[in-house]
Amino acid sequence: MKLLALDSSGLVASVAVVEDDCLLAEFTVNYKKTHSQTLVPMMEEVRKMLELDLASLDAIAVASGPGSFTGLRIGSATAKGLGLALKKPLVEVPTLEGLAYNLYGTDKLVCPLMDARRGQVYTGIYEFIKEGAGWRMETVEGQCAVELSVILKKVNALGREVVFLGDGVPVYRSRIEMETEVPYGFAPAGRNRQTAASVAALGCVYYAQGKTVPAARHQPIYLRLSQAERERAEKEAKP
Amino acid sequence: MGVGNEEVKILAIESSCDETAAAVVRNGREVLSNVIYSQIDLHTVYGGVVPEIASRKHIEKINQVIEEALSQAGMKLEEMDAIAVTYGPGLVGALLVGVSAAKAISFATGIPLIGVHHIEGHISANFIENKDLEPPFICLVASGGHSHLVVVKGYGEYEIIGRTRDDAAGEAFDKVARAIGLGYPGGPKIDRVAKEGNADAIHFPRAKVDENEYDFSFSGLKSAVLNYLNGCQMKGEEVPVADVAASFQKAVVEVLVEHSLHAVEAYGLRKFAIAGGVASNSSLRAAFDAECAKRGIAFFHPSPIYCTDNAAMIGAAAYYEYRKGIRSGYDLNAVPNLKLGER
Numbered sequence: 001m002k003l004l005a006l007d008s009s010g011l012v013a014s015v016a017v018v019e020d021d022c023l024l025a026e027f028t029v030n031y032k033k034t035h036s037q038t039l040v041p042m043m044e045e046v047r048k049m050l051e052l053d054l055a056s057l058d059a060i061a062v063a064s065g066p067g068s069f070t071g072l073r074i075g076s077a078t079a080k081g082l083g084l085a086l087k088k089p090l091v092e093v094p095t096l097e098g099l100a101y102n103l104y105g106t107d108k109l110v111c112p113l114m115d116a117r118r119g120q121v122y123t124g125i126y127e128f129i130k131e132g133a134g135w136r137m138e139t140v141e142g143q144c145a146v147e148l149s150v151i152l153k154k155v156n157a158l159g160r161e162v163v164f165l166g167d168g169v170p171v172y173r174s175r176i177e178m179e180t181e182v183p184y185g186f187a188p189a190g191r192n193r194q195t196a197a198s199v200a201a202l203g204c205v206y207y208a209q210g211k212t213v214p215a216a217r218h219q220p221i222y223l224r225l226s227q228a229e230r231e232r233a234e235k236e237a238k239p
Numbered sequence: 001m002g003v004g005n006e007e008v009k010i011l012a013i014e015s016s017c018d019e020t021a022a023a024v025v026r027n028g029r030e031v032l033s034n035v036i037y038s039q040i041d042l043h044t045v046y047g048g049v050v051p052e053i054a055s056r057k058h059i060e061k062i063n064q065v066i067e068e069a070l071s072q073a074g075m076k077l078e079e080m081d082a083i084a085v086t087y088g089p090g091l092v093g094a095l096l097v098g099v100s101a102a103k104a105i106s107f108a109t110g111i112p113l114i115g116v117h118h119i120e121g122h123i124s125a126n127f128i129e130n131k132d133l134e135p136p137f138i139c140l141v142a143s144g145g146h147s148h149l150v151v152v153k154g155y156g157e158y159e160i161i162g163r164t165r166d167d168a169a170g171e172a173f174d175k176v177a178r179a180i181g182l183g184y185p186g187g188p189k190i191d192r193v194a195k196e197g198n199a200d201a202i203h204f205p206r207a208k209v210d211e212n213e214y215d216f217s218f219s220g221l222k223s224a225v226l227n228y229l230n231g232c233q234m235k236g237e238e239v240p241v242a243d244v245a246a247s248f249q250k251a252v253v254e255v256l257v258e259h260s261l262h263a264v265e266a267y268g269l270r271k272f273a274i275a276g277g278v279a280s281n282s283s284l285r286a287a288f289d290a291e292c293a294k295r296g297i298a299f300f301h302p303s304p305i306y307c308t309d310n311a312a313m314i315g316a317a318a319y320y321e322y323r324k325g326i327r328s329g330y331d332l333n334a335v336p337n338l339k340l341g342e343r
């Protein structure tokens with residue numbers, strides 16, 4: 001099984017190729033250049049380095065949201081274009097699941113936090129359950145857009161050690177330190193942001209389970225309405 | 001590559017505003033398919049295009065329109081000689097969908113990529129049905145986002161001699177239509193209602209721009225219409241909607257015709273074309289038809305289907321870029337305020 005994976009859901013642009021249980025290449029850039037300028041040139045570099053025959057891929061895995069609306073669409077449109085041209089299905093890996101998979105095998109709870117602006121974070125809570133020769137990632141709290149205190153209360157109620165990661169950590173670090181009542185820690189560099197290697201690894205699990213979608217059908221999970229739709233709904237809700 | 005007489009087939013993609021479109025065009029002028037998914041109904045309730053909603057719809061529809069365009073053309077992706085895509089001007093989030101998909105397709109197949117200017121596409125729409133039209137000529141580009149008077153010196157060579165100082169012509173149509181209760185999109189609605197009205201009932205001002213005789217200004221006209229509507233309200237009179245529509249439309253048309261044909265005469269070119277959404281306005285076409293016939297100027301205009309945003313026009317423009325050897329890299333970005341004639 002060979003997968004090409006992309007993640008451009010946040011500040012990081014990341015591309016990886018995984019074959020069975022082996023990472024062949026990963027190219028991750030966390031820099032100010034826009035993803036639309038970096039993503040395909042990065043794929044081209046990986047293709048050249050690996051002398052990769054794109055036809056040998058089984059599927060394209062993509063971080064499917066939530067995240068920056070524009071970033072998600074760049075990733076999704078790229079993945080859809082690849083799927084169309086290569087006639088391969090897509091594997092949708094929810095962004096927060098991909099992030100949590102960075103900490104595969106930990107016995108702590110994993111709580112990824114992405115800065116969602118407007119006083120909210122994109123978050124969820126995950127854990128790893130021993131199964132056979134490895135671990136299976138379980139969702140304790142599904143991905144959502146909420147205020148930080150909402151998720152921290154849930155973390156506290158679970159009463160277990162927790163690892164926080166994601167670009168929401170530097171934004172909310174002092175509040176996390178103040179409001180978290182269970183033992184906690186922060187994931188280190190290399191593990192604390194989106195990485196396409198994790199998207200690919202989890203993508204392989206989903207692919208093996210038959211969880212693929214035709215490229216034409218894929219669209220990102222935004223978790224939020226557009227501002228215009230929100231304002232319209234609010235206006236209609238008022239008597 | 002790119003010269004000689006070989007056949008050139010281009011898959012073109014357009015997603016700059018609220019139409020998701022793909023087309024297959026042969027040798028720049030023969031449209032093998034032209035698929036347009038219009039989102040207009042989605043935006044009508046908001047009274048205009050909502051960029052985030054448009055972008056979301058593009059991502060949903062993009063593969064479908066591309067696959068449909070190939071299927072209607074009876075061709076496979078691998079048979080294409082180039083992938084063309086609009087990369088500006090337009091809504092950045094909307095543009096990025098087409099640009100990202102086009103780059104991925106180009107990357108996956110090795111088929112060269114050509115980024116196309118949206119307005120260049122509109123101008124090139126004239127080549128599709130007028131097989132013998134060749135530059136140089138003057139072109140008026142008028143749409144919801146643009147009002148340009150352009151000297152088309154050669155394929156891909158433009159000089160903008162006039163532009164709007166404020167609202168685009170189509171924007172003025174939208175704003176006036178909203179004010180008189182016709183709703184969005186304003187262009188076709190005013191065009192229809194105006195047929196029932198008296199175009200001489202109300203005299204609205206025809207704005208001149210002092211510094212440049214070819215520039216346009218429509219905000220004064222829009223204000224005059226709004227003032228007139230206020231006056232009716234103050235006096236408790238019913239607004240003669242059809243008369244307002246017809247009189248407003250006449251004011252826009254007169255300015256567009258006068259400035260355009262003045263340019264045609266001044267530049268000594270006997271060929272004139274119109275392009276863009278406003279170019280499908282029936283009153284504008286009739287006025288240009290009559291005036292060009294009177295002055296012995298050859299008048300070209302695309303069918304309405306090629307006036308609206310579409311990908312066939314992008315394929316037409318891309319063909320001439322292809323012949324010049326112009327190719328885009330995988331770092332092609334969406335440029336929301338891309339200028340005509342720049343790369």
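Line by line, the protein sequences are chains A and B. What the first sequence shows, in the numbering used here, is residues 1 to 239, in sequence order. What the second sequence shows, in the numbering used here, is residues 1 to 343, in sequence order. No residue lacks a Cβ here, since even glycine has one placed at the ideal position from N, Cα and C. Because the structure is a prediction, the values reported are computed rather than measured.
- DSSP lists B:H148 as the bridge partner or partners of R163 of chain B.
- The DSSP assignment places 304-307, 312-323 as complete runs of the alpha helix (DSSP H) inside the segment 291-343 of chain B, in order along the chain (cut-off: 4 residues).
- Residue environment analysis places P302 of chain B among the buried positions, since at least 16 neighbouring C-beta atoms fall within 10 angstroms of its C-beta.
- According to the DSSP assignment, G183 of chain B belongs to no alpha helix (DSSP H), since it is labelled neither H nor E.
- At a cut-off of 8 Å between beta carbons, V40 of chain A contacts chain B.
- In the structure shown, Q120 of chain A falls within a strand segment according to DSSP collapsed to helix, strand and coil.
- E237 of chain B and D243 of chain B have their C-alpha atoms roughly 14 Å apart.
- Your pair L269 of chain B and H148 of chain B does not check out as a contact, with CB atoms roughly 16 Å apart and the cut at 8 Å.
- L165 of chain A and Y320 of chain B have their C-alpha atoms roughly 51 Å apart.
- For F272 of chain B, DSSP records a beta bridge to B:I138, B:F299.
- At least one CB of chain A lies nearer than 8 Å to the CB of E60 of chain B.
- Collapsing the DSSP output to three states places D115 of chain A in a strand.
- Around Q64 of chain B, the beta-carbon contacts reaching into chain A at under 7 Å are A216.
- Given a length threshold of 3 residues, each whole run of the beta strand (DSSP E) inside the segment 35-91 of chain A is given here in chain order: 59-63.
- For F164 of chain A, there is no enclosing alpha helix (DSSP H); the residue is found in the beta strand (DSSP E) stretching over 162-165.
- By the Cβ neighbour-count rule, T86 of chain B is buried, with 16 or more other Cβ atoms within 10 Å of its own.
- Taking the C-beta atoms as reference points, F137 of chain B is found nearer than 8 Å to V152 of chain B.
- M114 of chain A sits buried, since 16 or more C-beta atoms from the chains shown fall within 10 Å of its C-beta.
- The count of Cβ pairs closer than 8 Å, one atom from the segment 116-131 of chain A and one from the segment 178-188 of chain A, stays below three, leaving the stretches out of contact.
- Close to chain B, meaning a Cβ-Cβ distance shorter than 7 Å, are the following residues of the segment 58-88 of chain A: F69, T70, R73, I74, S76, A77, T78, K80, G81, L82, L84, A85, L86.
- Taking 8 Å as the cut-off, the Cβ atoms of A196 of chain A and E19 of chain A do not count as close.
- By the neighbour-count definition (other C-beta atoms within 10 Å, threshold 16), D53 of chain A is an exposed residue.
- In this structure, the CA atom of A102 of chain B is about 46 Å from the CA atom of L158 of chain A.
- V116 of chain B has B:T86 as its beta-bridge partners, per DSSP.
- As DSSP reads the structure, L42 of chain B sits in no beta bridge.
- For D289 of chain B, DSSP assigns no beta-bridge partner whatsoever.
- Listed in chain order, the positions of the segment 304-335 of chain B with a beta carbon within less than 9 Å of a beta carbon of chain A are G329, Y330, D331, L332, N333, A334.
- Beyond the five residues adjoining it in sequence on each side, R224 of chain A comes within less than 7 Å, by CB distance, of A145 in the same chain, given in chain order.
- Among the residues of chain A, those whose CB is under 7 Å from the CB of V99 of chain B are S36, following chain order.
- Close CB contacts of H118 of chain B within its chain, under the 7 Å cut and outside five residues either way in sequence, are with S16, T86, G88, P89, G90 (chain order).
- Taking 8 Å as the threshold, the shortest C-beta distance from L158 of chain A to chain B does not fall below it.
- Taking each of A:E236, A:K238, A:G142, A:R232 in turn and checking the Cα distance to Y46 of chain B, the smallest one comes out for A:R232.
- Note on E171 of chain B: 16 or more other CB atoms within 10 angstroms of its CB, so buried under the neighbour-count rule.
- Taking CB atoms only, M43 of chain A has a neighbour in chain B less than 8 Å away.
- Cβ-Cβ distances below 8 Å link G154 of chain B to P135, P136 in the same chain, with the five nearest sequence neighbours on each side left out; the list follows chain order.
- The segment 58-68 of chain B makes no contact with the segment 325-337 of chain B: fewer than 3 CB pairs, one atom from each, lie closer than 8 Å.
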